[in-house]
Amino acid sequence: LSTVGVYGNYDGAWVDERAECRPVSKRSVMRVAAEGDWLELGREIGRPGAILRLSGIYGPGRNALVNLENGTARRLVKPDQVFNRIHCDDIAGGLWQLIEGNTGGIFNVTDDLPAPPQDVVAYAASLMGIEPPPEIPFDAAQLSPMARSFYGENKRVANAAIKAAGYSLRFPDYRAAFDHMWASGDWHDGEARSPMKR
Numbered sequence: 025l026s027t028v029g030v031y032g033n034y035d036g037a038w039v040d041e042r043a044e045c046r047p048v049s050k051r052s053v054m055r056v057a058a059e060g061d062w063l064e065l066g067r068e069i070g071r072p073g074a075i076l077r078l079s080g081i082y083g084p085g086r087n088a089l090v091n092l093e094n095g096t097a098r099r100l101v102k103p104d105q106v107f108n109r110i111h112c113d114d115i116a117g118g119l120w121q122l123i124e125g126n127t128g129g130i131f132n133v134t135d136d137l138p139a140p141p142q143d144v145v146a147y148a149a150s151l152m153g154i155e156p157p158p159e160i161p162f163d164a165a166q167l168s169p170m171a172r173s174f175y176g177e178n179k180r181v182a183n184a185a186i187k188a189a190g191y192s193l194r195f196p197d198y199r200a201a202f203d204h205m206w207a208s209g210d211w212h213d214g215e216a217r218s219p220m221k222r
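Here the numbering used here is used: the first residue of the sequence shown is 25, the next is one more, and so on.
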């Protein structure tokens, strides 16, 4: 499992698995190297190596609904900034699809809708029937170096390869996932971990 962070910054443009890796952070540089090692191992042992490049992970216990309830949600606004997301169920589903198909290659595991982070928080607040927190300009926000580093990369990540491998997203966008989590009540399960807390 890897990260879409290996692509680095594309100023909001779309990228797919053929895009050049231009990692910005040290952790993403290390992941590019690990990807190469993993694919090489697959060749050495005669097995298809699969790299799953995951976008921002959310699910029960780790989502904007929990952050709103805990009072940790913020609506940081950086013009034209989007983030890519994936529900944990779709990570498991995509991985299972590749295992079942004995399929190798590089696959972006992300939903269909890159979106500004403030929109996600506002949508979650609307489901809860509460006012969202006020918008905060990115330049005025106090963030940890880790949290700030995420805003140094802006891209829209395409997911056609995982779909071509036969996987259909359970949650094609954050709205579908939040609607399900809110209706089922499983949004609160688990413990929230936000990069904003680091």
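Where a beta carbon is used, it is the ideal one built from N, C-alpha and C, also for glycine.
Nothing here was measured: the structure is a model prediction, and the numbers come from that model.
Counterpart residues of residue i in DSSP-defined beta bridges
i	result
Gly-6	Because residue 6 is not part of the residues shown, which for the chain are 25 to 222, the question remains open.
Pro-161	Val-101
Ala-139	Phe-107
Thr-242	Because the chain in this structure spans residues 25 to 222, residue 242 falls outside the shown range and cannot be described.
Reduced DSSP secondary structure (H/G/I, E/B, other) of residue i
i	result
Glu-41	coil
Gly-83	strand
Val-56	helix
Arg-67	helix
Arg-180	strand
Ser-173	helix
Leu-193	coil
Asp-61	helix
Glu-155	coil
Asp-35	coil
Gln-166	coil
Pro-48	It is Val, not Pro, that sits at residue 48 in the sequence shown. Here Val-48 sits in coil by DSSP.
Residue i burial status per 10 Å Cβ neighbour count (16 or more: buried)
i	result
Gly-83	buried
Arg-211	A small fix is needed here, since residue 211 is Trp in this sequence, not Arg. It is buried - the Cβ of Trp-211 has at least 16 other Cβ atoms within 10 Å.
Lys-179	buried
Ala-88	buried
Arg-51	exposed
Glu-177	buried
Met-205	buried
Leu-65	exposed
Through-space distance from residue j to residue i, alpha-carbon basis
i	j	result
Asp-114	Val-53	25 Å
Ala-139	Asn-108	7 Å
Ser-192	Gln-121	9 Å
Val-145	Val-106	13 Å
Arg-199	Leu-78	19 Å
Ser-49	Ser-173	8 Å
Gly-125	Val-90	35 Å
Glu-41	Phe-131	7 Å
Gly-80	Glu-68	31 Å
Ala-164	Asp-213	33 Å
Val-72	Gly-117	It should be pointed out that residue 72 corresponds to Pro in this sequence rather than to Val. Between Pro-72 and Gly-117, the C-alpha separation is close to 18 Å.
Ile-186	Ala-201	19 Å
Asp-143	Pro-158	12 Å
Gly-36	Asp-104	7 Å
Proximal residues to residue i (C-beta, below 7 Å), its chain only, five neighbours per side dropped
i	result
Pro-156	Arg-99, Val-145, Ala-146 and Ala-149
6 Å CB neighbourhood of residue i in its chain, flanking five on each side removed
i	result
Leu-63	Gly-73
Own chain, CB closer than 8 Å to residue i, minus 5 neighbours either side, in chain order
i	result
Asn-33	Arg-46, Val-48, Gly-176, Glu-177, Asn-178 and Lys-179
Residue i Cβ short of 8 Å to the ligand HEM heavy atom set
i	result
Glu-93	Absence of the ligand HEM from the depicted structure is noted, as is the absence of any ligand whatsoever, leaving it without description.
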